[in-house]
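A short worksheet on the structure shown next.
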Amino acid sequence: MPKITREKFKVYEGVFDNFTIKNLIALMKKGIVSEGTLSPVKIGKEANVFSGENDLGEKLILKIYRLETANFNRMYEYIRTDPRFVGL
Numbered sequence: 055m056p057k058i059t060r061e062k063f064k065v066y067e068g069v070f071d072n073f074t075i076k077n078l079i080a081l082m083k084k085g086i087v088s089e090g091t092l093s094p095v096k097i098g099k100e101a102n103v104f105s106g107e108n109d110l111g112e113k114l115i116l117k118i119y120r121l122e123t124a125n126f127n128r129m130y131e132y133i134r135t136d137p138r139f140v141g142l
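The following block contains the structure:
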């Protein structure tokens, strides 16, 4: 298996934090996720969903919650019309 590097994740900059990158690399080394097979399916407020394959060629779905990349200024756009947050 070729060496897995952080360079492969530059496309997803702003989506993956260091903790997530380390865990994805660990999953790839175990063969649970094949390198280069992750494709975004849905990008949401709190998480991103990716499709991919494992080393056996089986399809899988990964839901990755964003922990460190939460942008509270962007979040305001979603909650400003919510009556529960009238005073913001």
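Position in the sequence shown (from 1) plus 54 gives the number in our numbering.
Glycine included, each C-beta is placed from N, C-alpha and C at the ideal position.
query	result
Residue span of the alpha helix (DSSP H) that contains residue 83, given as start and end	72 to 83
Three-pair Cβ contact test at 8 Å for the segment 100 to 115 versus the segment 72 to 88	yes
Cα-Cα separation between residue 95 and residue 133, rounded to whole angstroms	24 Å
Simplified DSSP state of residue 133, which is helix, strand or coil	helix
Distance, residue 113 Cα to residue 92 Cα	10 Å
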